[in-house]
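In our numbering, each residue carries its 1-based index in the sequence shown increased by 3.
Glycine residues also receive a C-beta, built at the ideal position from the N, C-alpha and C atoms.
Quick caveat: nothing in here was measured; it's all calculated off a predicted structure.
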Amino acid sequence: MMIQTFIKGLTLALLVSLAGTSLAQKAKSSTLTKAQLLNKIKGGWAGQTIGTTYGWTNEFQYAGTYIQDYERIPWHNDYINEAMRVFPGLYDDVYMDLMFMHVFEKKGLDAPMEEFAKAFADTEFQLWHANQAGRYNVQNGVPADRAGHWLNNPHADDIDFQIEADFAGLMSPGMPQAATDISERIGKIVNSGDGLYGGVFVANMYSWAFVSDDIPTVVNNALKSIPKESKFHQLISDVIKWHKQYPKDWKQTWFLIQRNWAEEVGCPSMVFHPLNIDAKINAAYVVMGLLYGEGDYTKTIEIATRTGQDSDCNPATALGILGTMIGYDKIPPLWMEPLQKAEDKKFSHSEYALNDVYKVGLQQALENIERNGGTIAGEQITLPKASIKTAAFEENFKGHFPKERIKLEKIITDTISFEFEGIGFVLRGASRSSNANDTAPVIAELYIDGKRVETANLPWQANKARADLFWRYQLPKGKHQVTIKVKQATKAQDLWIADYLVYDNVKTSGIRIGGQHDHH
4 MMIQTFIKGL TLALLVSLAG TSLAQKAKSS TLTKAQLLNK IKGGWAGQTI GTTYGWTNEF
64 QYAGTYIQDY ERIPWHNDYI NEAMRVFPGL YDDVYMDLMF MHVFEKKGLD APMEEFAKAF
124 ADTEFQLWHA NQAGRYNVQN GVPADRAGHW LNNPHADDID FQIEADFAGL MSPGMPQAAT
184 DISERIGKIV NSGDGLYGGV FVANMYSWAF VSDDIPTVVN NALKSIPKES KFHQLISDVI
244 KWHKQYPKDW KQTWFLIQRN WAEEVGCPSM VFHPLNIDAK INAAYVVMGL LYGEGDYTKT
304 IEIATRTGQD SDCNPATALG ILGTMIGYDK IPPLWMEPLQ KAEDKKFSHS EYALNDVYKV
364 GLQQALENIE RNGGTIAGEQ ITLPKASIKT AAFEENFKGH FPKERIKLEK IITDTISFEF
424 EGIGFVLRGA SRSSNANDTA PVIAELYIDG KRVETANLPW QANKARADLF WRYQLPKGKH
484 QVTIKVKQAT KAQDLWIADY LVYDNVKTSG IRIGGQHDHH
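Right, here's the structure in full:
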């Protein structure tokens, strides 16, 4: 799983914070040729592909620590072809981008959210976290604009749309409001709140990178598209501040991020775990790579990767933005040689190879420029005056604090119950079948305090599965009993119940003595 803005000045900043709506940019329109536009679009897609590949072997291998300087990260002159052959799923952030691009190509720039949701629901590739939860939701009738909402999607703050919003910025050169509009139209299918802001922020940085070659300007302008009340805005503001305090020491900023922002609240798999795929903390690593990289391609990819956590997606975003800024023809040969060997190879689960993406991306950018008031005269392009749109404020998991995770590790074919004290829970697990010919889902019911609150289809197939079995937030504070009843299953099917995560409305200390839990 986006965000940017433009205008300096106290009055404008005040208007942005109060209005949260589109504001006219007072800068002059930017001009460039079609060749220059194509060069930047190619630079963006090339950077995303190079960055993803460089992080291949260390993704999620460094959780809560950074990759030490002495550790060599693999790279050779045919490395991208190797990665595409050996681990095609590495490029999930790219082929998700391309799926959305394909909808624009087939349905036009006015394609409604429902067209993207339908295309998303029909995909067969494996997904995880907010993407998988969102896809399940639209497959099972949740409206597209609610599929990413945190009450329907426990992964709403995860990185998913942040890592696949590149297309929205690349088709909106110098048009940050357009980038925000596209991000909001599509991103709500998989994320909300800070998770959505991640995509808005990335798309805005791409948009600004077409018209500015100053990295701090691009970062600061993009941040204006994010509401100041949000934790996302606060964290990125901290990174900007710490970079000014420690301009030559990215590791000091990394430590400050860990100290102040490392708590995971939403993602059920990552709470009480050192891994962290929260959008805002990984966006902070992207910004670190850009600011401390100082426009140097190799330095940027090294820092963005060595920050750890989602260490393929973060350099992909950073290099995509830098590649847009400097252009394809300025990418150093070390990185360009393996890229060019792979430009005719289609990405997995996609009709596009990079050489196709470049052409389609140019056409969509040109259409979007004209749509937003720019002009194209032969080879000359005049971009419309930039305007800023600040996304509406929304806070996921407000007032919810992780309390404990209770292991169950049970296989059921009938009923399971457990009790907890708090205001919410997430039950993790999976539907399973030992018969590949089983096509019908397991059907199960959720009861809370004796009342049936949901009947859910639980397919076992990877591209249809529910990311988490059941959850409920915003319950009255107190003791609650949860019961899961399997209502329909074949003899080959069962439910694997892993554990449940409990939320309370107050933060708990790290000290716990004793405690009993009742489940059967």
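Check for me: the beta strand (DSSP E) holding residue i runs from which residue to which?
{"i": "His-483", "result": "481-491"}
{"i": "Asn-474", "result": "The residue asked about is misnamed: residue 474 is Trp in this sequence, not Asn. Where Trp-474 is concerned, the enclosing beta strand (DSSP E) stretches over 473-475."}
{"i": "Ala-501", "result": "496-507"}
For a test of the three-state rule: what should DSSP assign to residue i, helix, strand or coil?
{"i": "Asn-438", "result": "coil"}
{"i": "Ile-446", "result": "strand"}
{"i": "Pro-405", "result": "strand"}
{"i": "Pro-382", "result": "Reading off the sequence, residue 382 comes out as Glu, not Pro. Glu-382: coil per DSSP, three-state reduction."}
{"i": "Thr-34", "result": "strand"}
{"i": "Tyr-65", "result": "coil"}
{"i": "Arg-138", "result": "helix"}
{"i": "Glu-266", "result": "coil"}
{"i": "Gly-43", "result": "According to the sequence displayed, residue 43 carries Lys and not Gly. In this structure, Lys-43 counts as helix in the three-state DSSP scheme."}
{"i": "Thr-511", "result": "coil"}
{"i": "Ala-150", "result": "coil"}
{"i": "Leu-130", "result": "coil"}
{"i": "Asp-184", "result": "helix"}
{"i": "Ser-215", "result": "coil"}
{"i": "Ile-419", "result": "strand"}
{"i": "Gln-71", "result": "coil"}
Give me the residue from the options with the minimum Cα distance to residue i.
{"i": "Lys-490", "options": "Tyr-73, Glu-448, Tyr-506 and Trp-463", "result": "Glu-448"}
{"i": "Ala-439", "options": "Tyr-94, Leu-278, Val-429 and Ala-495", "result": "Ala-495"}
{"i": "Val-205", "options": "Ile-162, Asp-216 and Val-193", "result": "Ile-162"}
{"i": "Thr-52", "options": "Thr-458, Gln-64 and Pro-318", "result": "Pro-318"}
{"i": "Ile-192", "options": "Arg-262, Gly-151, Asp-441 and Met-328", "result": "Gly-151"}
{"i": "Thr-2", "options": "Thr-486, Val-360, Arg-75 and Trp-153", "result": "Past the boundaries of the shown model lies residue 2; the chain is included only from 4 to 523, so the question cannot be answered."}
{"i": "Trp-211", "options": "Ala-182, Pro-230 and Arg-188", "result": "Ala-182"}
{"i": "His-483", "options": "Ile-426, Phe-128, Thr-68 and Pro-462", "result": "Ile-426"}
{"i": "Tyr-331", "options": "Leu-357, Ser-351 and Arg-309", "result": "Leu-357"}
{"i": "Asn-207", "options": "Met-273, Ile-218, Asn-224 and Lys-348", "result": "Asn-224"}
{"i": "Gly-373", "options": "Pro-405, Gly-177, Lys-251 and Asp-95", "result": "Per the sequence presented here, residue 373 reads as Glu, with Gly not at that position. The shortest C-alpha separation from Glu-373 is found at Gly-177."}
{"i": "Glu-340", "options": "Ile-83, Val-290, Val-289 and Ser-33", "result": "Ile-83"}
{"i": "Ala-468", "options": "Glu-127, Lys-401, Ser-390 and Ile-409", "result": "Glu-127"}
{"i": "Glu-117", "options": "Val-145, Lys-251 and Phe-473", "result": "Val-145"}
{"i": "Leu-411", "options": "Glu-305, Ala-433 and Ile-189", "result": "Ala-433"}
{"i": "Asn-263", "options": "Tyr-249, Trp-245 and Met-273", "result": "Trp-245"}
{"i": "Lys-121", "options": "Asp-313, Ser-437 and Val-106", "result": "Val-106"}
{"i": "Ile-409", "options": "Pro-250, Gly-54, Ile-500 and Ser-195", "result": "Ile-500"}
{"i": "Asp-507", "options": "Lys-488, Pro-479, Thr-493 and Ala-492", "result": "Pro-479"}
{"i": "Thr-442", "options": "Thr-458, Glu-457 and Ala-465", "result": "Ala-465"}
Looking at the secondary structure, which residues open and close the alpha helix (DSSP H) in which residue i lies?
{"i": "Arg-309", "result": "300-309"}
{"i": "Leu-101", "result": "95-110"}
{"i": "His-79", "result": "That residue, His-79, is in no alpha helix (DSSP H); it is neither H nor E in DSSP."}
{"i": "Tyr-288", "result": "282-296"}
{"i": "Ala-212", "result": "196-212"}
{"i": "Met-339", "result": "336-344"}
{"i": "Met-178", "result": "Unbroken run through Met-178: none, as it is neither H nor E."}
{"i": "Met-2", "result": "No statement about residue 2 is possible, as the shown extent of the chain runs from 4 to 523 and does not include it."}
{"i": "Val-242", "result": "234-248"}
{"i": "Met-174", "result": "Unbroken run through Met-174: none, as it is neither H nor E."}
{"i": "Gly-323", "result": "316-329"}
Excluding the five sequence neighbours on either side, which residues of its own chain have a C-beta within less than 7 Å of the C-beta of residue i, listed in chain order?
{"i": "Asp-497", "result": "Ile-414, Ile-415, Thr-416 and Arg-435"}
{"i": "Ala-124", "result": "Arg-138, Val-141 and Gln-142"}
{"i": "Glu-370", "result": "Leu-112"}
Can you tell me which residues form a DSSP beta bridge with residue i?
{"i": "Glu-424", "result": "Lys-482"}
{"i": "Arg-455", "result": "Tyr-450"}
{"i": "Asn-460", "result": "Ile-446"}
{"i": "Lys-410", "result": "Asp-502"}
{"i": "Lys-349", "result": "Ala-356"}
{"i": "Leu-430", "result": "Phe-473 and Tyr-503"}
{"i": "Asp-161", "result": "Asp-281"}
{"i": "Thr-56", "result": "Note: Thr-56 sits in no beta bridge, so no partner."}
Within its chain, find whatever has a CB closer than 6 Å to the CB of residue i; leave out the 5 residues flanking it on each side and keep chain order.
{"i": "Arg-149", "result": "Asn-155"}
{"i": "Pro-271", "result": "Pro-157, Val-429, Arg-431, Asp-471 and Leu-504"}
{"i": "Leu-226", "result": "Ile-239"}
{"i": "Leu-41", "result": "Leu-365"}
{"i": "Lys-110", "result": "Glu-118"}
{"i": "Lys-302", "result": "Gly-296"}
State yes or no: is the C-beta of residue i nearer than 8 Å to some heavy atom of the ligand ATP?
{"i": "Asn-140", "result": "The ligand ATP is absent from the structure shown, which contains no ligand whatsoever."}
Spatial neighbours of residue i within its chain, please: C-beta separation below 8 Å, excluding the five flanking residues on both sides.
{"i": "Lys-254", "result": "Tyr-69"}
{"i": "Ile-329", "result": "Gly-46, Asp-216, Gly-298 and Tyr-300"}
{"i": "Phe-396", "result": "Gly-23, Pro-230, Glu-232 and Ser-233"}
{"i": "Gln-261", "result": "Gly-67"}
{"i": "Lys-283", "result": "Asp-160, Asp-197, Tyr-200, Gly-201, Lys-234, Phe-235, Leu-238, Ile-239 and Trp-264"}
{"i": "Ile-1", "result": "Nothing in the structure corresponds to residue 1, since the chain is present only between 4 and 523."}
Using a C-beta cutoff of 9 Å, does residue i count as contacting chain D?
{"i": "Phe-404", "result": "Absence of chain D from the displayed structure is noted, only one protein chain being present."}
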